Amino acid sequence: MTELILHHYASSPFSEKIRLIFGFKGLAWRSVYIPQIMPKPDVVALTGGYRKTPFLQIGADIYCDSALMARVIDRLHPEPTLYPKDVAGAAHLLAQWADSTLFWSVIPYTMQPAGIAAVFNNAPPEAMKAFAADRAPFSAGMTRQTPADATAALRHYLGWLESMLADGRPHLSGIAASIADFSVAHCLWFVHRAPPLVGIFEPFPRLGAWFERVRAFGHGQGTRLGSIDAVTLAAATSGHAPTRVEPGLGFEPGDAVTVMAIDTGRDPVAGTLVGLNVDEVTIERRDERAGTVHVHFPRIGFQIKKEKVA
Ligand SMILES: N[C@@H](CCC(=O)N[C@@H](CS)C(=O)NCC(=O)O)C(=O)O
Numbered sequence: 003m004t005e006l007i008l009h010h011y012a013s014s015p016f017s018e019k020i021r022l023i024f025g026f027k028g029l030a031w032r033s034v035y036i037p038q039i040m041p042k043p044d045v046v047a048l049t050g051g052y053r054k055t056p057f058l059q060i061g062a063d064i065y066c067d068s069a070l071m072a073r074v075i076d077r078l079h080p081e082p083t084l085y086p087k088d089v090a091g092a093a094h095l096l097a098q099w100a101d102s103t104l105f106w107s108v109i110p111y112t113m114q115p116a117g118i119a120a121v122f123n124n125a126p127p128e129a130m131k132a133f134a135a136d137r138a139p140f141s142a143g144m145t146r147q148t149p150a151d152a153t154a155a156l157r158h159y160l161g162w163l164e165s166m167l168a169d170g171r172p173h174l175s176g177i178a179a180s181i182a183d184f185s186v187a188h189c190l191w192f193v194h195r196a197p198p199l200v201g202i203f204e205p206f207p208r209l210g211a212w213f214e215r216v217r218a219f220g221h222g223q224g225t226r227l228g229s230i231d232a233v234t235l236a237a238a239t240s241g242h243a244p245t246r247v248e249p250g251l252g253f254e255p256g257d258a259v260t261v262m263a264i265d266t267g268r269d270p271v272a273g274t275l276v277g278l279n280v281d282e283v284t285i286e287r288r289d290e291r292a293g294t295v296h297v298h299f300p301r302i303g304f305q306i307k308k309e310k311v312a
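Below is the structure:
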């Protein structure tokens, strides 16, 4: 069972990263729309509490975080690769920078008043209030850039990216596209959702042409699947992707653990450790509706804690 099921919503930048990767690889996939704000009962049935968007389901295996999802998609569909051999290190570093630093300038830049009106497309004030109330605990503890801080930072960052393209290369890492292109593109895509704010791109024509090239990959062929059907599909699937707990990494197979993102959306997911290496951690959990699911997280950016035995 290798059907790729993306749980996402239209306006989510990290979902756009994965949709563009599907386009780059020419893949068919199933598309499950999930709510933008809590509660998300069908999400939680599958993930055990991880509430971020997107996540990838393959049968009864659930992959959280777009960095891991990209690696899993690349493993299953290696051509064309997201990690060209000669540039893989630099591509990973640039992608990680874009998914964190660039992203957290793009969000406050785009969510200034002129951008909010465009992004929310004149949604009723109650919907905007509910969104703000949902996101406050999601990013609690983070010092958010002001629009002025974010504008200054973004101007710098766009200039850096423009200079990477100065030698005429078509993609950020060189001739071939790489994970770096998709991590940067989803950030710029979010700014494009706010037409009054796109003037910031004007001084950067190479970047503009690059963005159109990446956007032209499209989204592959997505066909809709209901979220309840996705939960039922997990419950009906027997077996999981093989995993193993490697020795020497601080945990034993069968340990009761929680796994939690360390930046935003820090909801711990509890389960039994069934896989661990320096790339990935996997826990098994049982859900009344979804059955026995394996939930996978990247090792980087997540904290694993042993549950205290009473
Ligand atoms: N590191 C995560 C970040 C995901 C993320 O922050 N997604 C945003 C939407 S693009 C989110 O989860 N927002 C809250 C929500 O959708 O509930 C990834 O790469 O997938």
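End of the sequence shown sits at 312 in this note's numbering; the numbers just go up one at a time, nothing left out.
Glycine residues also receive a C-beta, built at the ideal position from the N, C-alpha and C atoms.
Keep in mind it's a predicted model, so treat the numbers as computed, not measured.
Run through the stretch 50 to 103 for me and flag every whole alpha helix (DSSP H) of 4 or more residues, listed as ranges in chain order. Correct list: 68 to 78, 90 to 99.
- Assign T112 to one of three DSSP states: helix, strand, or coil. Position 110 of the sequence shown, counted from the start, is the residue given in the question as residue 112. Assigned with DSSP and collapsed to three states, T112 falls in helix.
- Task: Kindly examine ligand 1 and report whether one of its heavy atoms sits closer than 7 Å to the Cβ of P15.
- Result: In the sequence shown, residue 15 corresponds to position 13, counting from 1. Checking the Cβ of P15 against ligand 1 gives yes.
Less than 8 Å separating the beta-carbons of P86 and S175? For the purposes of this step, residue 86 is taken as residue 84 along the sequence shown, with counting starting at 1. For the purposes of this step, residue 175 is taken as residue 173 along the sequence shown, with counting starting at 1. Between P86 and S175, the gap from beta carbon to beta carbon is short of 8 Å.
*Between the C-alpha atoms of I2 and D101, what's the straight-line distance to the nearest angstrom?*
For the chain, the structure presents residues 3 to 312; residue 2 sits outside this window and is missing.
Worksheet entry | Rounded straight-line distance, which links the Cα of L6 to that of R226 | Here residue 226 refers to the residue found at position 224 when the sequence shown is read from its first residue. Here residue 6 refers to the residue found at position 4 when the sequence shown is read from its first residue. Distance between the alpha carbons of R226 and L6 is about 12 Å.
(request) Report yes if the C-beta distance between A72 and I36 is below 8 Å; otherwise report no. (result) Translated into the one-based positions of the sequence shown, residue 72 becomes position 70. Translated into the one-based positions of the sequence shown, residue 36 becomes position 34. Not in contact: A72 and I36 (Cβ atoms no closer than 8 Å).
Q: Tell me the start and end of each unbroken beta strand (DSSP E) in the stretch 148 to 198 that is at least 3 residues and wholly inside, in chain order.
A: You should have found no qualifying run.
message: Quick test of your reading: K27 and P82, contact by CB under 8 Å. State the CB separation rounded to the nearest angstrom.
response: Taking the first residue of the sequence shown as position 1, residue 27 is located at position 25. Taking the first residue of the sequence shown as position 1, residue 82 is located at position 80. That belief holds up - the Cβ atoms of K27 and P82 are roughly 7 Å apart, short of 8 Å.
(message) Against chain C, with Cβ distances strictly below 8 Å, would S14 count as a contact?
(response) Within the model displayed, chain C is absent; a lone protein chain is all it includes.
Check your understanding: Which residue comes first and which comes last in the alpha helix (DSSP H) that contains P126?
Key -> As a first step, residue 126 is located in the sequence shown; it is residue number 124 there, counting from the start. Counting along the chain, P126 sits inside no alpha helix (DSSP H), nor does DSSP assign it H or E at all.
* Asked: Quick one: what does DSSP say A134 is sitting in, helix, strand or coil?
  -> Along the sequence shown, read from residue 1 onward, the residue named residue 134 stands at position 132. In the structure shown, A134 sits in a helix (DSSP, three-state: H, G or I).
Does the stretch 182 to 194 come close enough to the stretch 215 to 231 to have 3 or more Cβ pairs within less than 8 Å?
Contact holds: three or more Cβ-Cβ distances are below 8 Å.
- prompt: Is there at least one non-hydrogen atom of ligand 1 closer than 7 Å to the beta-carbon of F140?
  reply: Reading the sequence shown from its first residue, position 138 is the one you call residue 140. Taking 7 Å as the cut-off, one finds at least one heavy atom of ligand 1 near enough to the beta carbon of F140.
* **S33 versus H9: straight-line alpha-carbon distance, rounded** => Position 31 of the sequence shown, counted from the start, is the residue given in the question as residue 33. Position 7 of the sequence shown, counted from the start, is the residue given in the question as residue 9. Roughly 6 Å between the two C-alpha positions.
Buried versus exposed call for I177 [16 or more other C-beta atoms within 10 Å across all chains shown]: As a position in the sequence shown, residue 177 is number 175, starting the count at 1. Residue burial annotation: I177 is exposed, with fewer than 16 other C-beta atoms found within 10 angstroms of its C-beta.
Next on the checklist: Which of the three DSSP states is assigned to I302 in this structure?
Outcome noted: What you label residue 302 is simply residue 300 of the sequence shown in a count that begins at 1. The DSSP-derived three-state label of I302 is coil.
Practice problem: Could you tell me which residues DSSP puts in a beta bridge with R226? | Solution: Numbered from 1 along the sequence shown, position 224 holds the residue referred to as residue 226. Beta-bridge partners of R226 (DSSP): S33.
Exercise for the section: Kindly indicate the opening and closing residues of the alpha helix (DSSP H) around A211. Expected result: Against the sequence shown, residue 211 aligns to sequence position 209. Its alpha helix (DSSP H) spans residues 207 to 217.
Report task. Under 6 Å Cβ to Cβ from G267, same chain only, skipping five residues before and after it: list those, please. Result -> Reading the sequence shown from its first residue, position 265 is the one you call residue 267. Result list for G267: R53, K54, F140, in chain order.
Any idea if L78 is buried or exposed, counting beta-carbon neighbours within 10 angstroms, 16 or more meaning buried? Taking the first residue of the sequence shown as position 1, residue 78 is located at position 76. With a 10 Å radius around the Cβ and a threshold of 16 neighbouring Cβ atoms, L78 comes out exposed.
| field | Per-residue DSSP class, three states only, for K307 | value | Along the sequence shown, one-based indexing puts residue 307 at 305. Three-state DSSP puts K307 in a strand.
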